[in-house]
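Let me begin by presenting the structure, written as structure tokens, before commenting on it.
Number of protein chains: 2
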Amino acid sequence: MTAAPARSRTQRIADVHARLASDVDLWVASASADGDAYLIPLSFLWDGAALTIATPAASRTARDLVRSGRARVALGPTRDVVMIDGTVESLALGTDPELEEAHAAATGFDPRTLDGYVYLCITPTRIQAWREENELDGRELMRDGDWLA
Amino acid sequence: MTAAPARSRTQRIADVHARLASDVDLWVASASADGDAYLIPLSFLWDGAALTIATPAASRTARDLVRSGRARVALGPTRDVVMIDGTVESLALGTDPELEEAHAAATGFDPRTLDGYVYLCITPTRIQAWREENELDGRELMRDGDWLA
Numbered sequence: 584m585t586a587a588p589a590r591s592r593t594q595r596i597a598d599v600h601a602r603l604a605s606d607v608d609l610w611v612a613s614a615s616a617d618g619d620a621y622l623i624p625l626s627f628l629w630d631g632a633a634l635t636i637a638t639p640a641a642s643r644t645a646r647d648l649v650r651s652g653r654a655r656v657a658l659g660p661t662r663d664v665v666m667i668d669g670t671v672e673s674l675a676l677g678t679d680p681e682l683e684e685a686h687a688a689a690t691g692f693d694p695r696t697l698d699g700y701v702y703l704c705i706t707p708t709r710i711q712a713w714r715e716e717n718e719l720d721g722r723e724l725m726r727d728g729d730w731l732a
Numbered sequence: 584m585t586a587a588p589a590r591s592r593t594q595r596i597a598d599v600h601a602r603l604a605s606d607v608d609l610w611v612a613s614a615s616a617d618g619d620a621y622l623i624p625l626s627f628l629w630d631g632a633a634l635t636i637a638t639p640a641a642s643r644t645a646r647d648l649v650r651s652g653r654a655r656v657a658l659g660p661t662r663d664v665v666m667i668d669g670t671v672e673s674l675a676l677g678t679d680p681e682l683e684e685a686h687a688a689a690t691g692f693d694p695r696t697l698d699g700y701v702y703l704c705i706t707p708t709r710i711q712a713w714r715e716e717n718e719l720d721g722r723e724l725m726r727d728g729d730w731l732a
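First to last, the sequence lines map onto chains R and F. In terms of our numbering, the first sequence opens at residue 584 and continues consecutively. In terms of our numbering, the second sequence opens at residue 584 and continues consecutively.
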């Protein structure tokens with residue numbers, strides 16, 4: 584199978600914006616303080632600046648993301664990857680009603696009706712995107728929080 | 584949207600076997616000793632007992648999986664998840680020619696032609712599978728290395 588030609592950076596950035604706007608789920612990796620990895624799919628809201636997820640405050644994912652202050656998440660299938668590293672801030676329920684309403688609308692899941700949940704807002708600092716091996720070069724699209732020109 | 588009825592355990596186990604046999608890629612989470620998470624898609628071979636991946640020995644994924652001796656990997660899209668926890672053994676190139684040939688055939692990628700790669704064999708100890716929320720109950724299909732009856 585011949586891979587499609589590698590996309591330009593401009594095209595990849597457009598594709599990343601499209602996926603952030605329309606995808607519902609992402610993969611979230613986290614790590615315990617003593618180096619045990621965890622992975623789970625969760626739904627998210629993208630508001631143009633951050634990805635917001637909601638998960639029980641007592642879950643491994645919430646505890647470890649809050650502890651480390653960093654997240655690595657992935658959108659898309661394995662051959663059309665958007666890989667995002669970002670900083671994490673937790674947000675208690677009731678803090679930002681507008682964001683919480685938008686999160687429920689985007690995900691179809693409303694933690695405000697449940698006990699013990701917390702929102703985690705992931706602000707991207709680095710974004711990469713690639714499909715096949717021929718797109719590994721040029722996969723970096725955001726660095727230190729800035730989209731590359 | 585109404586979710587499909589939850590699958591039986593028997594059906595889920597059959598679906599997991601089908602995915603292990605036919606999928607090419609998985610998501611691999613890893614963690615540094617000091618609790619920094621990492622995530623990357625890789626191709627794999629399933630030989631009926633273990634998932635074998637190949638990655639540079641110096642990569643974060645290889646170093647941290649070998650250090651911890653454990654991996655958490657995911658197959659499938661976020662709404663048809665197979666989540667696997669397993670033990671990790673590393674295998675130097677040239678150790679098992681039959682496995683290495685099968686890996687190259689399954690993945691379309693042959694690390695034997697490259698420098699510095701290592702195989703990592705992940706033996707499942709726990710397998711879960713679910714599609715939507717109504718399948719969270721009953722998602723455990725393997726425990727302590729044994730398929731549930």
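Heads up, the beta-carbon is just placed ideally off N, CA and C, and yes, glycines get one too.
Between the segment 627 to 638 of chain R and the segment 649 to 656 of chain F there are fewer than three inter-stretch CB-CB distances shorter than 8 Å, so the stretches are not counted as touching. DSSP places Arg-695 (chain R) in no alpha helix (DSSP H); its state is neither H nor E.
With contacts defined as CB atoms closer than 8 Å, Leu-622 (chain F) and Ala-657 (chain R) qualify as a contacting pair. Between the segment 624 to 636 of chain R and the segment 680 to 699 of chain F there are fewer than three inter-stretch CB-CB distances shorter than 8 Å, so the stretches are not counted as touching.
Distance check between Ser-642 (chain R) and each of R:Ile-667, R:Ala-586 and R:Ser-615 places R:Ser-615 closest, using alpha-carbon atoms only. Going by DSSP, Ala-645 (chain R) is part of the alpha helix (DSSP H) stretching over 643 to 651. Across the structure, Glu-723 (chain R) and Ser-613 (chain F) are spaced so that their CA atoms are roughly 21 Å apart. In the same chain as Pro-707 (chain F), and ignoring 5 residues on each side of it, the C-beta atoms closer than 8 Å to its own belong to Ala-633, Leu-634, Ile-667, Asp-668, Gly-669, Met-725 and Gly-728, in chain order. Take Tyr-700 (chain F), set aside five residues on each side of it, and the residues of its chain with a beta-carbon closer than 8 Å to its own are Ala-637, Thr-638, Pro-639, Ala-640, Leu-676 and Pro-694, in chain order.
Taking the beta carbon of Thr-696 (chain F) as reference, no residue of chain R falls within 7 Å; the closest one sits roughly 13 Å away.
Among the bridge pairs identified by DSSP, Ile-636 (chain R) is matched with R:Leu-703. Residues of chain R with a Cβ closer than 9 Å to the Cβ of Pro-707 (chain F) do not exist; the shortest Cβ-Cβ separation is about 14 Å. The Cβ atoms of Trp-610 (chain F) and Pro-588 (chain F) lie no closer than 8 Å to each other.
DSSP links Arg-709 (chain R) through a beta bridge to R:Asp-668.
By the beta-carbon neighbour count (other beta carbons within 10 angstroms, threshold 16), Leu-628 (chain R) is buried.
Under the 8 Å criterion on CB atoms, Thr-661 (chain F) is classed as interfacial with respect to chain R.
One Cα belongs to Arg-602 (chain F), the other to Asp-663 (chain R), and the distance between them is close to 19 Å. Closest option to Asp-630 (chain F), judged by alpha-carbon separation, among F:Asp-617, F:Ser-605 and F:Gly-618: F:Ser-605.
For Gly-721 (chain F) and Ala-597 (chain F), the gap between their C-alpha atoms comes out near 14 Å.
The segment 596 to 635 of chain R is shown to contain whole beta strand (DSSP E) runs of 3 or more residues at 608 to 614 and 620 to 626, in chain order. Pairing Gly-618 (chain R) with Gly-618 (chain F) gives a Cβ-Cβ distance under 8 Å. Burial check for Leu-703 (chain F): the Cβ neighbour count within 10 Å reaches 16 or more, so the residue is buried. By the CB criterion at 8 Å, Ile-710 (chain R) and Val-671 (chain R) fall outside the cutoff. The three-state secondary structure of Ala-589 (chain F), taken from DSSP, is coil. Excluding its 5 nearest sequence neighbours in each direction, Val-599 (chain R) has C-beta neighbours in its own chain below 7 Å: Val-665, Ile-710, Ala-712 and Leu-724, listed in chain order. In this structure, the beta-carbon distance from Ser-591 (chain F) to Asp-608 (chain F) does not fall below 8 Å.
The three-state secondary structure of Leu-682 (chain F), taken from DSSP, is helix. Boundaries of the beta strand (DSSP E) harbouring Leu-724 (chain R): 723 to 726, taken from the DSSP string. One alpha carbon belongs to Thr-678 (chain F), the other to Ala-685 (chain R), and they sit about 54 Å apart. Around the beta carbon of Ala-586 (chain R), a 10 Å sphere encloses fewer than 16 other beta carbons of the protein chains shown; the residue is thus reported as exposed.
Below the 7 Å Cβ cutoff, chain R contributes no neighbours of Ser-673 (chain F), its closest Cβ being approximately 16 Å away.
DSSP lists no beta-bridge partner residue for Ala-689 (chain R).
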